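So the structure is just underneath, and the comments pick up after that.
Protein chains: 2
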Amino acid sequence: MEVHVLDTLREVFALHGFGEIETRSVEPVERLAGDSEASKEIYTLGRLAEEERKEAKLGLHFDLTVPFARYVEENQGRLQFPFRRYQIQKVWRGERPQEGRFREFYQADIDVVGRDQLPEHLEAEVAIVMARALAALPLPPARMHLNNRALVEGFYRGVGIEDVAGALRSVDKLDKIGAGGVRDELHAKGVSAGAADAILELAAIQTPDGSFLDLVEALWDHSPVVEGADDARAEFDRGARSLAALVDAVNAAVPETAVADLRIARGLDYYTGAVYETVLDGHEDLGSICSGGRYDSLVAGGGFPGVGLSIGVSRLISRMLGAGLVSASRAVPSAVLVAVTDERHRGVSTAIADRLRARGIACEVSPNAAKFGKQIQYADRRGIPFVWFPATESAELADGEVKDIRSGDQVPADADSWAPPAEDLKPRIVRG
Amino acid sequence: MEVHVLDTLREVFALHGFGEIETRSVEPVERLAGDSEASKEIYTLGRLAEEERKEAKLGLHFDLTVPFARYVEENQGRLQFPFRRYQIQKVWRGERPQEGRFREFYQADIDVVGRDQLPEHLEAEVAIVMARALAALPLPPARMHLNNRALVEGFYRGVGIEDVAGALRSVDKLDKIGAGGVRDELHAKGVSAGAADAILELAAIQTPDGSFLDLVEALWDHSPVVEGADDARAEFDRGARSLAALVDAVNAAVPETAVADLRIARGLDYYTGAVYETVLDGHEDLGSICSGGRYDSLVAGGGFPGVGLSIGVSRLISRMLGAGLVSASRAVPSAVLVAVTDERHRGVSTAIADRLRARGIACEVSPNAAKFGKQIQYADRRGIPFVWFPATESAELADGEVKDIRSGDQVPADADSWAPPAEDLKPRIVRG
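Residue numbers (the working numbering), protein chains in the order written: chain A, 128 to 559; chain B, 128 to 559.
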């Protein structure tokens, strides 16, 4: 199941010109441990043989951003920018396993990283690629909630908030502690009641198109804007225009996908432009399944602005399976079990299997020459839809009969031309 | 590059009815550390946060057999036997990195495991599947060196060797210490000079077909066979017949692949029937790239006989690249860069790209509207073979011209019908 999902993502990413890279699982701990919150979750590596413990401390990556940053830093001389890559790998987190929280899980990341500058239209492109990737999976509709950090920060500064990051952190808790809780936190941080009201009003704005523009402008006009906020207003305007263009571009490419949602904050210091969260219709409790944003530089030294999105694939699949949204059409690749009449004729069955394989039909030969009823039962238990009975008495090796064990229909067939219906050729992800 | 190789392997395995499973990277150390030799190489996991170190000790798997055994043990109630699976995952070994020896690398394993019994013809099937998988890669011809443990052990017992495992361990060093060294070791282990000569003569036998049968029978007849070796002779005969059938079956399916090589020992206690090693023509120094054998039980409690083979994929690819055997036809998935005439017309270029993608053609839109010469240079540097120039003045959106930047040829084209030559559609592994 996971494999089908990953293959689908790969295909969509590649169609849009994203190349796959894979980085090693292990990085020096100093590099991983930059962020104090995540560092508690890092698995460190030791050696079982005690005497070998002296080497530099290593840890398993807990996301794909840290190793990607190292990759770009190390390979900057030979990469062409803007560099677009996808990366689908396991990440490890030492948290307590619970529903939807694994010790190891797959993430799928796409990023485009520039050298010194990065055109804004790429903020729309990565969102469109991810929206298409999600649409290619048998999922309920995904809604991308978009915001822009310049808009938000310009507004916050406009109403006189100095600790913008601190205020963002509080607003980010809206779902958990409600508007009252956020207001209390803001008050404790020295934000005036008027400013707190204004930024909570801002966070309440959500529109399926560019119509938020009028709302946020009206809000600015009615808010306790401080004197000399011209810079803040310019930043706010720039962010607002950018967000409107982003929402329109995404909806033009993948209709009814994007909404402007002024509440989206996405952490703090990292993002500087577009920020993205994605929820599945009817599965809002799962939280965001695909998040990211635009950042000023991928690497610590600066100079590599980028934009990227990440899907928590294992968590998504776990929910898809758990909620009965999807299942695999069968557990095994084989479309056909070639029966064996008796062990003397095993070679006939093997030759037929090879003829089917030559035309891309996955099959296997019965492990034994039990009664046909038993061989059919074996196929049925494994979920193989067809059983081939070789005509061992015929002069034509390819002659035989093939039974669809779901319908019971059995028809004469030629191993050089017969094929299963297209939907039975390979296991598929099916809804329900 | 690695991705293409893994996809090729997956395709061949699935065509033969092997389903993919994936197990977690982390296992309890007690389970991993069974074998004392490998346990020195196990990476153990800790937590960066000191206070959380009390949990059960975990380690990263160093092969795919240990986690597969756990998987079969845990899922035995719901698996259908014989159970055939492939597994392509990273494994980790804490050895010093050196050429061809990674801290982490991919292995690709196939196994068929029975419940209580496993038909012998599966020993040929797994070898054939692996031979086909290797043949599907752009490699020099691969030779499978096959032996049979019953043949060898019957012979050793026939000439009066009691510590069969010890003698096998010595013969396994033939390449390293030569016949003289092996003879010395055998002498030290109490093996008679006559018996030592006999088993070295046995190890020297290598034939591309079943003709070794006459040679080993003649050798038995001329060797210092001890009295009452009837059981040993029966075991020897059984193994010899089985090996001859195996070599014939593999060569019938994949001509000129298998040789009977009576020197192959493959470790010790584990294998009980067929054993396999594989070398690449001209790259014998790389050692065996695909090895395995038949075993009496996958799990400690017994009852799950199986047969399997494993490819050291990363090591193989590293050699393929290092020796200049192969390269990728291009580094990026895009077959086409759609040029942008000016930023006002970016939407035209995006629409053309989507039309190409709808027909499976990977492409990307130029990140900027620089002069066409610069955009062509950008495509060239990234290895994208074609550049599309939209006819922004035409009424027909799909109209344009496409340039093959290798030949310089530029022709009018329609985005709804033009396609690159098949060999340019996707990046390929090419020889040299």
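All C-beta atoms, glycine included, are put in the ideal place defined by N, C-alpha and C. Note that this is a predicted model, so its numbers are computed, not measured.
DSSP lists B/Tyr213, B/Leu436 as the beta-bridge partner residues of isoleucine 237 of chain B.
In the structure shown, the three-state DSSP call for aspartate 364 of chain A is helix. Against chain A, a Cβ distance below 9 Å from glycine 439 of chain B picks out nothing, because the smallest value is about 17 Å. In this structure, the CA atom of glycine 337 of chain B is about 8 Å from the CA atom of alanine 372 of chain B. The segment 300-312 of chain A makes no contact with the segment 250-262 of chain A: fewer than 3 CB pairs, one atom from each, lie closer than 8 Å.
Residue burial is scored here from C-beta neighbours: histidine 272 of chain A has at least 16 other C-beta atoms within 10 angstroms and is therefore classed as buried.
Within the DSSP secondary-structure output, threonine 405 of chain A pairs in a beta bridge with A/Met271.
A Cβ-Cβ contact shorter than 8 Å links methionine 257 of chain B with cysteine 417 of chain B. DSSP places proline 246 of chain B outside both helix and strand once states are collapsed to three, so it counts as coil.
Assigned with DSSP and collapsed to three states, aspartate 299 of chain B falls in coil, not helix or strand. Scanning its chain for C-beta atoms nearer than 7 Å, with the 5 sequence neighbours on each side dropped, one finds around alanine 478 of chain B the residues Leu524, in chain order.
Its chain contains Ala496 as the residues whose beta carbon lies nearer than 6 Å to that of glutamate 470 of chain B, once the 5 sequence neighbours on both sides are disregarded; these appear in chain order.
Within the segment 466-498 of chain B, the residues whose Cβ lies closer than 7 Å to some Cβ of chain A are Arg473, Arg484, Ala489, Cys490, Glu491, Pro494, Asn495, listed in chain order. Interface with chain B (8 Å Cβ-Cβ cutoff): glutamine 502 of chain A is excluded.
At a cut-off of 8 Å between beta carbons, serine 152 of chain A contacts chain B. For alanine 141 of chain A, the nearest beta carbon of chain B is closer than 8 Å to its own beta carbon. In the DSSP assignment, lysine 501 of chain B falls within the alpha helix (DSSP H) that extends over 499-509.
Annotation: Cβ neighbours of histidine 248 of chain A in chain B (cutoff 7 Å, chain order): Arg473. Among the residues of chain B, those whose CB is under 8 Å from the CB of alanine 458 of chain A are Gly146, following chain order. In this structure, DSSP gives glutamate 231 of chain A an extended state, which the three-state scheme calls strand. No Cβ-Cβ contact shorter than 8 Å links alanine 331 of chain A with glycine 285 of chain A. Around the C-beta of histidine 349 of chain B, fewer than 16 other C-beta atoms lie within 10 Å, and the residue is accordingly described as exposed. Between the beta-carbon of phenylalanine 208 of chain B and that of arginine 242 of chain B there is about 4 Å, and that keeps the pair under the 8 Å contact cut. Secondary structure note for tyrosine 170 of chain B: its beta strand (DSSP E) is the uninterrupted segment 170-174. In terms of beta-carbon proximity, arginine 509 of chain A lines the interface with chain B, with at least one pair separated by less than 8 Å. Contact between alanine 466 of chain A and valine 514 of chain A is confirmed by a C-beta separation of about 6 Å, below the 8 Å threshold. The segment 441-459 of chain B makes no contact with the segment 493-508 of chain B, as fewer than three CB pairs between them are under 8 Å.
Just measuring C-alpha positions, the residue of B/Val463, B/Gly321, B/Arg212 sitting nearest glycine 144 of chain A is B/Val463. Within the same chain, Cβ atoms closer than 6 Å to the Cβ of proline 517 of chain B are found at Val475, Ser476, Ile479, Gly527, the five residues on either side in sequence being excluded. Per DSSP, leucine 524 of chain B is not a residue of any alpha helix (DSSP H), being assigned neither H nor E. Under the Cβ distance rule, arginine 230 of chain A counts among the residues neighbouring chain B, one pair being separated by less than 8 Å. In the three-state DSSP reduction, serine 418 of chain B falls in the strand class (E or B).
DSSP places phenylalanine 145 of chain A in the coil class of the three-state scheme, outside both helix and strand. Remark: three or more beta-carbon pairs, one from each stretch, lie closer than 8 Å, so the segment 316-330 of chain B and the segment 276-295 of chain B are flagged as touching. With respect to the C-alpha of histidine 410 of chain B, the residue from B/Glu168, B/Val318, B/Ile444 having the closest C-alpha is B/Ile444. For serine 152 of chain A, no alpha helix (DSSP H) segment is defined, and its DSSP state is neither H nor E.
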